[in-house]
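Each residue of the sequence shown is one higher than the one before, starting from 2 at the first, in our numbering.
Think of the CB as a built atom: it goes at the ideal place given N, C-alpha and C, for glycine as much as any other residue.
Below: the structure, in structure tokens.
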Amino acid sequence: MSKLPETRGVLTPDRSLADLTWLRVGGPADWLYQPADEADLADFLAALDPAVAVFPMGVGSNLIVRDGGLRAVVIRLGRGFNGISVEGNRVVAGAAALDAHVAKRAAEAGLDLTFLRTIPGSIGGAVRMNAGCYGSYVADVLEEVRVVTRDGRIETLAASVLDLRYRQSELPAGAVIVQAVFRAGAGDPAALEARMAEQIAKRDASQPTKERSAGSTFRNPAGRSSTGRADDSHELKAWKVIDDAGMRGARLGGAQMSVMHSNFLINAGGATAADLENLGEEVRKKVYQSSGITLEWEIMRVGEFPQD
């Protein structure tokens, strides 16, 4: 890789990413870059050789980094990008702010972003994946995002240009989300807090929250998240077609489809990235054989396969 630009942030060569992902697997990035602030990030990207790949990374809650690592500069935002403020009915959140923290801060101010409370990860990833649950999505409340483009320009993009849809968005290639602005409905703080407590209890009773996972492994074939309501149909849910294919609890090496929730891929101990991805592919194969449905990954898989 060519010589990298000067920075006020932290640049670490050949940095293992395993400890930065919730699944605790993966090889090294050529470089891990932790910018000091927005201006530092913009200056760095402006000066970085356009041929050098970049990969913005959140808290690694929805990510498998393959065992061969990433031939890129991985950009990880930290302090300086995690602020949360309330301005009337708008919540302004840094991309590194945790979804749960944003939900709680909004609720304290009497604003309803409660659906974010049980979504793992940070705001940048939530926007990129149009995260959602209980029938609500980022697309419902997002007003605009602030990004640093691959060539170092700072731009504000309206939510409407992101083409937000189920677990997908369209962002300029190489752009790094640094801030998001949400417009939220009003609610009583105590009632919002009670709703979030109920959601947490429901999640902990049905999902393996104490295991090393990356949240839901596959998108629901129905093309929407669960609503959480009593009348919500289980047909075309990822967990249901996985169960029907007999893959609940399936194992490969240290990887396992959770017995508690069959759409959660977990590191049951000593798994490699290959174990996890290969088990996921085996699940996709069995589901297709069983139902004719091709499951789509919700977990992002990036990087190189190891050299033989």
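**Message:** Rounding to the nearest angstrom, what Cα-Cα distance links residue 49 and residue 152 in this structure?
**Reply:** Your numbering for residue 49 matches position 48 in the sequence shown. Your numbering for residue 152 matches position 151 in the sequence shown. Taking the straight line joining both Cα atoms gives about 8 Å.
**Request:** With DSSP collapsed to three states, give me the class of residue 16.
**Result:** As a first step, residue 16 must be located in the sequence shown, where it is residue number 15. Correct three-state label for residue 16: strand.
**Asked** What's the gap between the Cα of residue 220 and the Cα of residue 166?
**Response** For the purposes of this step, residue 220 is taken as residue 219 along the sequence shown, with counting starting at 1. For the purposes of this step, residue 166 is taken as residue 165 along the sequence shown, with counting starting at 1. Distance between the alpha carbons of residue 220 and residue 166: 12 Å.
**Message:** Using the Cβ count rule (16 or more neighbours within 10 Å means buried), how would you classify residue 51?
**Reply:** Mapped onto the sequence shown, residue 51 falls at position 50. The residue is exposed, with fewer than 16 neighbouring Cβ atoms inside 10 Å.
**Best match in 82, 7, 23, 24 for proximity to residue 47 [C-alpha to C-alpha]** = Looking up residue 47 in the sequence shown gives position 46. The shortest C-alpha separation from residue 47 is found at 7.
**Item:** From 299, 242, 295, 30, residue whose alpha carbon lies closest to that of residue 67
**Value:** In the sequence shown, the residue the question calls residue 67 occupies position 66. The alpha carbon of residue 67 has as its nearest neighbour, out of 299, 242, 295, 30, the alpha carbon of 30.
**Request:** Decide if residue 304 is buried, meaning its Cβ has at least 16 other Cβ atoms within 10 Å, or exposed.
**Result:** Numbered from 1 along the sequence shown, position 303 holds the residue referred to as residue 304. Residue 304 comes out buried.
**Message:** Suppose you measure from the CA of residue 79 to the CA of residue 179; what does that come to, to the nearest Å?
**Reply:** By one-based count along the sequence shown, residue 79 stands at place 78. By one-based count along the sequence shown, residue 179 stands at place 178. For residue 79 and residue 179, the distance between alpha carbons rounds to 10 Å.
**Message:** Need the endpoints of the alpha helix (DSSP H) that residue 201 sits in, please.
**Reply:** Taking the sequence shown and counting its residues from 1, the one referred to as residue 201 is at position 200. Unbroken alpha helix (DSSP H) run through residue 201: 190 to 207.
**Request:** Going by DSSP, name the residue or residues bridged to residue 35.
**Result:** Counting from one through the sequence shown, the residue named residue 35 turns up at place 34. DSSP lists 11 as partners of residue 35.
**Message:** Considering just the uninterrupted stretch of the alpha helix (DSSP H) at residue 281, what are its terminal residues?
**Reply:** Translated into the one-based positions of the sequence shown, residue 281 becomes position 280. Note, residue 281: alpha helix (DSSP H), 274 to 292.
**Message:** For the structure I just gave you, are there three or more beta carbon pairs, one from the region 207 to 224 and one from the region 256 to 272, closer than 8 Å?
**Reply:** yes
**Item:** Euclidean distance between Cα positions of residue 171 and residue 158
**Value:** Counted from its first residue, the sequence shown places residue 171 at position 170. Counted from its first residue, the sequence shown places residue 158 at position 157. The alpha-carbon atoms of residue 171 and residue 158 are separated by roughly 11 Å.
**Prompt:** What separation, rounded to the nearest whole angstrom, lies between the Cα atoms of residue 258 and residue 117?
**Reply:** What you label residue 258 is simply residue 257 of the sequence shown in a count that begins at 1. What you label residue 117 is simply residue 116 of the sequence shown in a count that begins at 1. Distance between the alpha carbons of residue 258 and residue 117 is about 25 Å.
**Asked** Straight-line CA distance for residue 145 to residue 139?
**Response** As a first step, residue 145 must be located in the sequence shown, where it is residue number 144. As a first step, residue 139 must be located in the sequence shown, where it is residue number 138. When rounded, the distance between both Cα atoms is 11 Å.
**Request:** Sort out for me which residues DSSP pairs residue 159 with in a bridge.
**Result:** Numbered from its first residue, the sequence shown carries residue 159 at position 158. According to DSSP, residue 159 bridges with 145.
**In DSSP terms, what residue 181 is bridged to** = One-based indexing of the sequence shown puts residue 181 at position 180. The partner list for residue 181 (beta bridge, DSSP) reads 94, 146.
**Asked** Does the separation of the CB atoms of residue 63 and residue 261 fall below 8 Å?
**Response** Against the sequence shown, residue 63 aligns to sequence position 62. Against the sequence shown, residue 261 aligns to sequence position 260. Taking 8 Å as the Cβ cut-off, residue 63 and residue 261 do not qualify as a contacting pair.
**Item:** residue 85 versus 123, 69, 264, residue with shortest Cα-Cα distance
**Value:** Here residue 85 is taken as the residue at index 84 of the sequence shown, counted from 1. Looking at the Cα atoms, 123 is the closest of the given residues.
**Asked** Leaving out five residues before and five after residue 93 in sequence, what residues of the same chain have Cβ atoms less than 6 Å from its Cβ?
**Response** Position 92 of the sequence shown holds residue 93. Counting only Cβ-Cβ distances below 6 Å, and skipping sequence neighbours, we find 86, 182.
**Prompt:** Just the Cα atoms here: how many angstroms apart are residue 10 and residue 88?
**Reply:** By one-based count along the sequence shown, residue 10 stands at place 9. By one-based count along the sequence shown, residue 88 stands at place 87. So the two alpha carbons sit approximately 29 Å from each other.
**Item:** Spatial distance of residue 1 from residue 223 (CA atoms)
**Value:** Outside the displayed span of the chain (2 to 309) sits residue 1, for which this structure offers no information.
**Distance between residue 247 and residue 34 (C-alpha atoms, nearest Å)** = Indexing the sequence shown from 1 puts residue 34 at position 33. Indexing the sequence shown from 1 puts residue 247 at position 246. Distance between the alpha carbons of residue 34 and residue 247: 43 Å.
**Prompt:** Hey, residue 104 and residue 197 are a contact pair by Cβ (cut 8 Å); roughly how many whole angstroms apart?
**Reply:** Reading the sequence shown from its first residue, position 103 is the one you call residue 104. Reading the sequence shown from its first residue, position 196 is the one you call residue 197. Sure, about 6 Å apart at Cβ, within 8 Å.
**Asked** Apart from the five residues just before and just after residue 37, which ones in its own chain have a Cβ nearer than 6 Å to its Cβ?
**Response** Here residue 37 refers to the residue found at position 36 of the sequence shown. If we look at residue 37 and ignore the five residues flanking it on each side, its Cβ neighbours are 9, 10.
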